[in-house]
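Trainee: Residue numbers (UniProt numbering): 1 to 573.
We put the beta carbon where it would ideally sit given N, CA and C, even for glycine.
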Amino acid sequence: MDFELRQAREKLEREQRERMQRAKAKAERERRAKAEAARRQEALEASHRERRLDAARAQEEADQKMEEVVQLGKGVSFSRMFEALRYDGPGDKIKLPPSSFKELSDEGALDKGPMYFRLSKVRDTVPGATMEQDTEEATCSGVLEFTAREGSAELPPHVWNNLFRSDTPDVPLIEVKYVSLPKGTYAKLKPEGAGFSDLPNHRAVLETALRNHATLSENDIVVVNYGLLQYKLKVLELKPASSVSVLETDVEVDIEGSDSVLDNEENQHVLVPLAIGKVESSVVEEGKFRYYKFSVEESVSEKVASGRANIEVKIDTDASGGDTDIYVSRHPLVFPTQHRHEWSSHEMGSKVLILKPRDSSLVSGVYSIGVYGFKGTSKYQISVAIKDVNSQRIGEHASATGSVDADSVDADSVLCRNCKRHIASRSAHLHEAYCMRHNVACPHDGCGVVLRKEEAADHVHCNKCGRAFQQREMEKHMKVFHEPRQCPCGVVLEKEDMVQHQSSTCPLRLIVCQFCGDTVHAGGEPVDARDRLRNMCEHESICGSRTAPCDSCGRSVMLKEMDIHHIAVHQKS
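Below, the structure written as structure tokens:
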């Protein structure tokens, strides 16, 4: 009986302990669940608070941004994001979609004059994050037309290269804001390479390039084209703001010197200064040019014009298998080439080129020398000297043989049947026997030069132009003068015809327009027959069709008709 009671009591105690343990475990689970629920609730409330703060900050930034847009646009609010596309065109004017025109028109931007925009590249800093504006790469522009497809903006090369300088993303996005820019009063630019200051009237060349621009921004790179050459200038400083308008305003332009070293500019068109009487050494590779410039003073030009002195360009080439050619021109032709030059020498090896100006009044000034690597890599020494002309000219020498001058032929002389020279009759038989044995006359029509028999085989004539050369010079002559060359305008001609073509008829030749004063491409023949009779090119015919008020009567007259107008209307007055 006691045993059963003891077992029942132990069982009851054991059940009570188990119930107490289950109750404690349940209470612990409930406590943990309440703590987790409280933590989750707190985290949710913190997240909601952060979202509300982010939304408030975003709204504040948007309001501030809109306020800045309105301030920049002087009351016009326009800020859109577009995909950037590229199109070929001059200047800095972009193309926007038609919907932008409607928005700008509704904002009243059309009544405020020319429209300017600030363009900035947009980048994604973290995948999935909000797009942010890259403030380091931004520029300003004008607008050309509203014909781009919706959602995109078309940029000319000037704007594209200034906006995407480092790399171009797969989908280039830009932000376009309407801004109001002040008129520029001062600009400081610096060429990125050497050679720009060598251009004749380079400020006018820069002014011509800027006519296609509506704006300028600091750190922009402005590209200036001069014929087939291209120069880059960086905008260092602008006044009165970092971005200005250059429309209908006079801007004072300051051009700083380039930091480039001439020795590192072998592949560019750079004029190395060459002092008269000083020797310069250099190397030129095959197919490339090295350019030099020298000046002739007014005092020296009088001696050259009167024939008492000559300008001599001398080049000594090392006997290393290379060969060079010399091309010389007088400014404004800055960089002479195979087809555009005034003087040239194609002799093999060392050579001396004597410059004889066609116009004695145009001797003084700046001259350019182009040393062209015709074959191989050539080491050379070049110099320019002013040499006095000796009283006894080259080719004038006393007769040291028994021959008789043609001007002093007398009755006591006979004509040699071989060399066709007049010989004194007392030595005629002896001379003729010696001449027949050792000399031979060139049989080419019009030549007749008498040569030693051992030299006759080396004397050849070009079968195209008939000029006489040594055998080793014929290959170079054929390549230089008779190998067809293609002009950039598409015409294929030989050298002499190409020189004439590029100086008189090529539409891509550079001229100084008599109406605008700019250095421009001439273009083809004008459509108007009267302009052709006045020897105008296509550009001058079009440029001269602009009207300007007459100084005497105020009447609007075409520029090319202004002289006729003055003669016909105001000659008496």
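Could you say which of L333, S197 and Q16 lies nearest to K232 if we only look at CA atoms?
Mentor: Among L333, S197 and Q16, the Cα nearest to that of K232 belongs to S197.
Trainee: Using 8 angstroms as the cut-off, can you tell me whether the segment 142-153 makes contact with the segment 86-100, which would need three or more C-beta pairs spanning the two stretches below that distance?
Mentor: Touching, per the Cβ criterion.
Trainee: May I ask you to check if the CB of M474 is nearer than 7 angstroms to at least one heavy atom of the ligand NAP?
Mentor: The ligand NAP is absent from the structure shown, which contains no ligand whatsoever.
Trainee: Leaving out five residues on either side along the sequence, give the residues of the same chain with a beta carbon under 7 angstroms from the beta carbon of D2.
Mentor: No residues qualify anywhere along the chain.
Trainee: Going by Cα to Cα distance, which pick from H444, E454, G142 and R452 is closest to H461?
Mentor: With distances taken between Cα atoms, H461 lies closest to H444.
Trainee: Could you check what DSSP says for D318 in three-state terms: helix, strand or coil?
Mentor: D318 falls in the coil class under three-state DSSP.
Trainee: Are the CB atoms of V171 and E83 within a distance shorter than 8 angstroms?
Mentor: For E83 and V171, yes; Cβs fall inside 8 angstroms.
Trainee: With 16 as the cutoff for other CB atoms within 10 Å, does S243 come out buried or exposed?
Mentor: It counts as buried.
Trainee: According to DSSP, which residues form a beta bridge with S245?
Mentor: For S245, which the question treats as bridged, DSSP gives the partners K183 and T215.
Trainee: Short of 6 angstroms in beta carbon distance, which residues of its chain neighbour D458, apart from the five on each side in sequence? Order them along the chain.
Mentor: Contacts found: Q470 and Q471.
Trainee: When you compare the CB positions of H341 and V352, do they come within less than 8 angstroms of one another, or not?
Mentor: No; because the gap between Cβ atoms is not below 8 angstroms, this pair is not in contact.
Trainee: Taking all protein chains shown into account, decide if Q7 is buried (16 or more other Cβ within 10 angstroms of its Cβ) or exposed.
Mentor: The residue is exposed, with fewer than 16 neighbouring Cβ atoms inside 10 Å.
Trainee: Would you call I174 buried or exposed, if buried means 16 or more other Cβ atoms sit within 10 Å of its Cβ?
Mentor: Its Cβ being crowded by 16 or more others within 10 Å, I174 is buried.
Trainee: Per DSSP, which one or two residues make a beta bridge with G370?
Mentor: In DSSP, G370 forms a bridge with Y291 and Y327.
Trainee: Could you compute how far the alpha carbon of E154 sits from the alpha carbon of L181?
Mentor: Approximately 21 angstroms between the Cα atoms of the pair.
Trainee: Since V246 and L210 are thought to touch, with beta carbons under 8 angstroms apart, how far apart are those beta carbons, to the nearest angstrom?
Mentor: Rounded, the Cβ-Cβ distance is 6 angstroms, consistent with contact.
Trainee: Please report how far the alpha carbon of R467 lies from the alpha carbon of C447, in whole angstroms.
Mentor: Roughly 9 angstroms between the two C-alpha positions.
Trainee: Spell out a yes or no on whether the segment 489-499 and the segment 345-365 are touching, meaning 3 or more CB-CB pairs, one atom from each, closer than 8 angstroms.
Mentor: No: the two stretches stay apart, fewer than three of their Cβ pairs being nearer than 8 angstroms.
Trainee: Between which residues of its own chain and D92 is the CB-CB distance below 7 angstroms, once the five residues before and five after are set aside?
Mentor: Here the set comprises S141, G142, P156, H158, V159, H213, A214 and T215.
Trainee: Is the beta carbon of L228 less than 8 angstroms from the beta carbon of K188?
Mentor: No, these two residues do not count as a Cβ contact at 8 angstroms.
Trainee: Sort K479, V334 and I276 by Cα distance to E382 and report the nearest one.
Mentor: Here residue 382 turns out to be Ile, not Glu, going by the sequence shown. Among K479, V334 and I276, the Cα nearest to that of I382 is on I276.
Trainee: So, does the segment 536-549 touch the segment 503-515, judging by three or more C-beta pairs under 8 angstroms?
Mentor: Yes: at least three Cβ pairs fall under 8 angstroms.
Trainee: Short of 8 angstroms in beta carbon distance, which residues of its chain neighbour P114, apart from the five on each side in sequence? Order them along the chain.
Mentor: Same-chain partners within the cutoff: G142, A214, S245 and L247.
Trainee: Taking Cβ to Cβ, would you say D325 is nearer than 8 angstroms to S378?
Mentor: Against a cut-off of 8 angstroms, the Cβ pair of S378 and D325 comes out as no contact.
Trainee: Is the distance from the Cβ of R165 to the Cβ of E137 below 8 angstroms?
Mentor: For R165 and E137, yes; Cβs fall inside 8 angstroms.
Trainee: Does the Cβ of N162 have 16 or more other Cβ atoms within 10 Å, making it buried, or fewer, making it exposed?
Mentor: N162 comes out buried.
Trainee: Which value, in whole angstroms, describes the spacing of the CA atoms of E45 and E60?
Mentor: Using only the alpha carbons, I get a separation of about 22 angstroms.
Trainee: Tell me, which residues are paired with T547 by DSSP?
Mentor: T547 is bridged to M558.
Trainee: Here's the rule: buried if 16 or more other CB atoms are within 10 angstroms of the residue's CB, otherwise exposed. What is V527?
Mentor: It is exposed - the Cβ of V527 has fewer than 16 other Cβ atoms within 10 Å.
Trainee: Counting C-beta neighbours from all protein chains within 10 Å, is the total for L271 16 or more, i.e. buried, or is it exposed?
Mentor: Per the 10 Å Cβ criterion, buried.
Trainee: What residue range does the beta strand (DSSP E) around T208 cover?
Mentor: First-last for T208: H202 to L210, but that is the alpha helix (DSSP H), not the beta strand (DSSP E).
Trainee: So, for R393: in the same chain, excluding its five sequence neighbours on each side, which residues have a beta-carbon less than 8 angstroms away from its beta-carbon?
Mentor: Unreliable placement is indicated for R393, whose pLDDT of 44 sits below 50; the coordinate value is still reported in the next sentence. None.
Trainee: Could you have a look at A305 and say whether DSSP puts it in helix, strand or coil?
Mentor: The answer is helix: DSSP assigns A305 an H, G or I state.
Trainee: Within this structure, are the beta carbons of E286 and G376 separated by less than 8 angstroms?
Mentor: Yes, the Cβ-Cβ distance between E286 and G376 is below 8 angstroms.
Trainee: Run through the DSSP bridge pairs and tell me what H521 is partnered with.
Mentor: Looking at the DSSP assignment, H521 forms a beta bridge with L510.
Trainee: Name the residue from E36, H566, H570 and S545 whose alpha carbon lies nearest to the alpha carbon of L559.
Mentor: L559 has its Cα closest to that of S545, out of E36, H566, H570 and S545.
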